[in-house]
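Going by my numbering, the first residue of the sequence shown is number 2, and it counts up by one from there. Don't be surprised by glycine CBs; every beta carbon is placed ideally from N, CA and C. Note that this is a predicted model, so its numbers are computed, not measured. Heads up, the thing below is written out as structure tokens.
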Amino acid sequence: MNRPDRPGVPRKHPREQQPTTTASKAGPKAAAQTLVWTWSGAGLLVLAGLVFYSNTFTSPFVFDDKGFFNVEKRLQHIWPPLETVKGSIRPVVDFTFALNFAVGGWRFWTFHALNLAIHLAAALLLYGLIRRTLSRGSLGERYGKVAWGLALTTALLWLVHPLQTESVTYVFQRFESLMGLFFIATFYCFVRAQDSRWPVWWYAGSVASFLLAVGCKEVSIAIPPLLVWYDRAFLAPSWREMFRKRWPFYVSLVGVLGVLGALVFYSLPKYAGGGMLVVKGVSPLGYALTQPGVILHYLRLTVWPQGQCLDYGWPVATTAWQIVPPLLVVLAMMGATVWCIWRHPALGFLGGCFFLILAPSSSFIPIRDLAFEHRMYLPLAAVLMVLVLGAYELIRRVLTVGTTTPFERFLIQAVPVLVITVVLGSFTLLRNQVYSSEIAIWQDIVAKSPNNARGYGNLGLMFMLKHDSKTAEAFFRHAIELKPDYYDAHYNLALVLTKKKNREEAIKHYEVAVKGDAWFIPLAHCNLASLLMEKGEMEEARRHCEIALKMEPKNPTIQFNYANSIAASEPDRAIKVYEQLLLKRPGDPGVTANLADTLLKLGRRGDAIRVYRQALNVYPNSAGLNYRLATLLPEDDPEAIRLLEIVVYEQPRFAKAHVALGNRLEGRGQLREAAQQYRMALAIDPKDPVARARLKSIVRVLSKQASQ
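What follows is the structure, encoded as structure tokens:
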């Protein structure tokens, strides 16, 4: 169809038109002005990020941070790189963690610095993506003159919004923020390819960004459908034209999807073990019916970010009131998104972004944690874009009613943005203060989620690590009241009770803990075996040691306990285990003592002495080793006195060592020196019968000698 004012010139589809901005139409001067505004906006984003996240650098590792890095010890070494990411389901992020360790070790400020750099880079790319999108085709006709302002407003609010703190300040959630960075980069490179003289490089950058996003998190599966949707909504006039021009690019995306599929398939057991896909007590239907309420909570936090919580412990929805109203609201939102696809494609695309990005974590695929704020890292951008466009349209209509100067229009638009930015940024600063200590974050969690057993369990763990056993025990018991099968709390409570010498109750809690599937199960079996051995239940202790060995066959603590459990029934086998442990840990006092005791039971006194001498080559000042060797040496061996003198020097409160030294000195006729050792032993333990009797005997002899 021809334009009526230009006969014979075919009319182009709006999405076929070359992208134009107001600056490019007005000439070089306007283009330069736009460039200045654009770079000024970028500088403002960086400044805002540094200001409102300035208090994150002193935040310690919280929640999963420390445990994840302790378990995944491969991340503490960056070389060789393949070993660092071997077996990882998210290798790109793991490599960045290894990079942090290589640069700063356990200094957590380096982790926070990289997290913030990732967030700033993502905001800058989002700014560029929105600006270029709003400057194209039919959108450019409406928003071209203010594209940079709308883009800056959206990116700025997204950058400083407190809902993002979980993805930035909580180090472990770099998985989300780095995936978000490459997610946005995929779209940014794709848009740049449309305007470049060498589009192949930008297309390659887009595919590479998608591949990196796949290596960060599985949510990246939303990129291909959204990219196709974006292309059709804003660029291509038809499906046929879109695939005709860009089929090599989309074929490349399908190839990357194959990589994602392979990673997921290879890692299915890890997903199940990590509380995904298969979750005890959470069915796919129950999970799906709970998510509408969670989604509305996310949206509420977007406009009113109060009541944020790192660990909600969100329960599965079971009542009609919990399910039906949120479900109806979310269905209405989905219906509005479908309607906008035809009437308002830009809004339809933003709605699609919100739902498709949330789909992997907020649909029917069960995940142990039903609600987590970091899942809104990218969807928040879509929601804010809708709000910014809506506010702009409202202000635009108001301004057309009255007469305003350009400066007044600028103030009417800029002041609210500035105020909202400062308010949101202030909330971000306050929220980041909660991350100032591990105890503070868990106190915040239990205050906002009082039925969260994990909150009380981890709060108890924090006090246990600070050696406040009484407070820790109270929190562990409350966590178990809330969730009787909370195996972590049973395990930690057993540790506290063992320290308090409450052996019987500790055994009961260990017996519950070993029924779980957490990382500590082998140690729980091992610790339970130790307590059972103290009771003399050697066969039961052996059974638990064997279970632990199957889980961690190379764990030296488990091997040691196993040898202890069989030392009486199979001494020869126990000796072999002890000797293997000493090859790994030469001179270990505990292993040496138990090996020597086992050898003595077999009548191999000479071998026991040899074992102690070897250990003393490694630990020459060990009071325990010196004392044990001295007791094995013949009565007339002068070396025993030398060894016992080392013992009483290293441990002057060791009463038995003073008595043993006194006996040796008395045997050599050094009565006055022996009497002095007995007196020192009685000063430590006044009831020691041997020291009292020997001292009395020596005093009698010395008195008799004096009278003669």
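From Ser438 to Arg376, what distance separates their C-alpha atoms? As a first step, residue 438 must be located in the sequence shown, where it is residue number 437. As a first step, residue 376 must be located in the sequence shown, where it is residue number 375. Distance between Ser438 and Arg376, taken at the CA atoms: about 23 Å.
Determine the extent of the alpha helix (DSSP H) in which Thr97 is found, giving its start and end residues. Counting from one through the sequence shown, the residue named residue 97 turns up at place 96. For Thr97, the enclosing alpha helix (DSSP H) starts and ends at 92–105.
Between the alpha carbons of Tyr579 and Thr85, how many angstroms are there, rounded? Position 578 of the sequence shown, counting from 1, holds the residue named residue 579. Position 84 of the sequence shown, counting from 1, holds the residue named residue 85. Going by the C-alpha atoms only, they are around 32 Å apart.
Using a Cβ distance threshold of 8 Å, determine whether the stretch 198–212 contacts the stretch 156–170, with at least three qualifying pairs required. No: fewer than three Cβ pairs fall under 8 Å.
With C-beta atoms as the reference, is His162 less than 8 Å away from Pro380? Translated into positions along the sequence shown, residue 162 becomes position 161. Translated into positions along the sequence shown, residue 380 becomes position 379. With a cutoff of 8 Å on beta-carbon distance, His162 and Pro380 are scored as not near each other.
If contact is defined by three or more beta carbon pairs under 8 Å, each pair taking one atom from either stretch, is the stretch 209–221 in contact with the stretch 176–187? Touching, yes, given that three or more Cβ pairs across the two stretches are closer than 8 Å.
Beta-carbon proximity check, Leu45 vs Leu117, cutoff 8 Å: As a first step, residue 45 must be located in the sequence shown, where it is residue number 44. As a first step, residue 117 must be located in the sequence shown, where it is residue number 116. Contact: no.
Short of 8 Å in beta carbon distance, which residues of its chain neighbour Glu553, apart from the five on each side in sequence? Order them along the chain. To locate residue 553, count along the sequence shown from 1; it is residue 552. The beta carbon of Glu553 lies closer than 8 Å to those of Pro523, Ile559 in the same chain, with the five residues before and after it left out.
Where does His468 land, buried or exposed, given buried means 16+ other C-beta within 10 angstroms? The residue labelled residue 468 in the question sits at position 467 within the sequence shown. Its Cβ having fewer than 16 others within 10 Å, His468 is exposed.
Would Tyr128 be called buried (16 or more neighbouring beta carbons within 10 Å of its own) or exposed? What you label residue 128 is simply residue 127 of the sequence shown in a count that begins at 1. Here Tyr128 is buried. Its C-beta has 16 or more other C-beta atoms within 10 Å.
Separation of His659 from Val691, as counted between CA atoms: Your numbering for residue 691 matches position 690 in the sequence shown. Your numbering for residue 659 matches position 658 in the sequence shown. Cα to Cα, Val691 sits roughly 11 Å from His659.
Could you compute how far the alpha carbon of Ile421 sits from the alpha carbon of Val389? Position 420 of the sequence shown, counted from the start, is the residue given in the question as residue 421. Position 388 of the sequence shown, counted from the start, is the residue given in the question as residue 389. The alpha-carbon atoms of Ile421 and Val389 are separated by roughly 12 Å.
Span of the alpha helix (DSSP H) around Asp518: In the sequence shown, counting from the first residue as 1, residue 518 sits at position 517. No alpha helix (DSSP H) holds Asp518; DSSP gives it neither H nor E.
Residue range of the alpha helix (DSSP H) that includes Trp443: For the purposes of this step, residue 443 is taken as the residue at position 442 of the sequence shown. For Trp443, the enclosing alpha helix (DSSP H) has its first and last residue at 439–449.
Have a look at Ala745 and Ala209 and give me their C-alpha separation to the nearest angstrom. Outside the displayed span of the chain (2 to 709) sits residue 745, for which this structure offers no information.
For a test of the three-state rule: what should DSSP assign to Trp80, helix, strand or coil? Position 79 of the sequence shown, counting from 1, holds the residue named residue 80. Coil.
For Leu160 versus His113, is the C-beta distance shorter than 8 Å? Your numbering for residue 160 matches position 159 in the sequence shown. Your numbering for residue 113 matches position 112 in the sequence shown. No; because the gap between Cβ atoms is not below 8 Å, this pair is not in contact.
Given Ala568, which residues of its chain have a CB within under 6 Å of its CB, disregarding the five upstream and five downstream residues? Taking the sequence shown and counting its residues from 1, the one referred to as residue 568 is at position 567. When the five nearest sequence neighbours on each side are left out, the beta carbons in the same chain lying within less than 6 Å of the beta carbon of Ala568 are those of Ala575, Thr599, in order along the chain.
Identify every run of the alpha helix (DSSP H) within the stretch 579–630, keeping only runs that are complete inside it and at least 4 residues long; order them along the chain. Unbroken alpha helix (DSSP H) runs of no fewer than 4 residues, entirely contained in the stretch 579–630, are found at 590–602, 606–619, following chain order.
Below 8 Å, can you find three or more Cβ-Cβ pairs linking the stretch 618–631 to the stretch 640–648? Note that the stretch 618–631 touches the stretch 640–648; at least 3 beta-carbon pairs, one per stretch, sit closer than 8 Å.
Around the C-beta of Ile446, are 16 or more other C-beta atoms found within 10 angstroms, so that it is buried, or is it exposed? If you number the sequence shown from 1, residue 446 lands on position 445. So Ile446 counts as buried.
Host alpha helix (DSSP H) of Phe355 (start-end): Translated into the one-based positions of the sequence shown, residue 355 becomes position 354. That run of the alpha helix (DSSP H) goes 346–359.
Under 8 Å between C-beta atoms of Gly588 and Asn622: To locate residue 588, count along the sequence shown from 1; it is residue 587. To locate residue 622, count along the sequence shown from 1; it is residue 621. Not closer than 8 Å, so no.
Using C-beta distances below 7 Å, list every residue in its chain close to Arg455, excluding the 5 sequence neighbours before and after it, in chain order. By one-based count along the sequence shown, residue 455 stands at place 454. Closer than 7 Å at Cβ, skipping near neighbours: Asp312, Gly314.
Anyone know if the C-beta pair for Leu633 and Glu640 falls short of 8 Å? Within the sequence shown, numbered from 1, the residue matching residue 633 stands at position 632. Within the sequence shown, numbered from 1, the residue matching residue 640 stands at position 639. Leu633 places its beta carbon 8 Å or farther from that of Glu640.
Assuming the contact rule is C-beta atoms closer than 8 Å, Ala495 and Ala507 should be a hit. Round their C-beta distance to whole Å, please. In the sequence shown, counting from the first residue as 1, residue 495 sits at position 494. In the sequence shown, counting from the first residue as 1, residue 507 sits at position 506. Contact holds; Cβ gap of about 5 Å.
Segment limits, alpha helix (DSSP H) that includes Asp196: One-based indexing of the sequence shown puts residue 196 at position 195. Per DSSP, Asp196 belongs to the alpha helix (DSSP H) from 175–196.
Mapping DSSP to helix, strand and coil, what is Tyr251? In the sequence shown, the residue the question calls residue 251 occupies position 250. Three-state result, Tyr251: helix.
Is Glu73 helix, strand or coil when you go by DSSP? Start at 1 with the first residue of the sequence shown, and residue 73 comes out as number 72. Shown here, Glu73 sits in coil according to DSSP, grouped into three states, outside any helix or strand.
Whole angstroms is fine: what's the gap from Arg132's alpha carbon to Trp322's? Indexing the sequence shown from 1 puts residue 132 at position 131. Indexing the sequence shown from 1 puts residue 322 at position 321. Near 42 Å, if we compare the C-alpha coordinates of Trp322 and Arg132.
Between which residues of its own chain and Phe476 is the CB-CB distance below 6 Å, once the five residues before and five after are set aside? Locating residue 476 in the sequence shown gives position 475, where the first residue counts as 1. Close CB contacts of Phe476 within its chain, under the 6 Å cut and outside five residues either way in sequence, are with Tyr457, Leu460, Gly461 (chain order).
In three-state DSSP terms, what is Ala490? Numbered from its first residue, the sequence shown carries residue 490 at position 489. Looking at Ala490 - three-state DSSP - the assignment turns out to be helix.
Which one of Asp637, Tyr189, Ala656 has the shortest CA to CA distance from Arg665? Numbered from 1 along the sequence shown, position 664 holds the residue referred to as residue 665. Arg665 has its Cα closest to that of Asp637, out of Asp637, Tyr189, Ala656.
Taking Cβ positions, are Arg504 and Glu474 nearer each other than 8 Å? As a first step, residue 504 is located in the sequence shown; it is residue number 503 there, counting from the start. As a first step, residue 474 is located in the sequence shown; it is residue number 473 there, counting from the start. Cβ distance not < 8 Å, so Arg504 and Glu474 don't count as in contact.
Per-residue DSSP class, three states only, for Leu289: For the purposes of this step, residue 289 is taken as the residue at position 288 of the sequence shown. According to the sequence displayed, residue 289 carries Ala and not Leu. It is helical.
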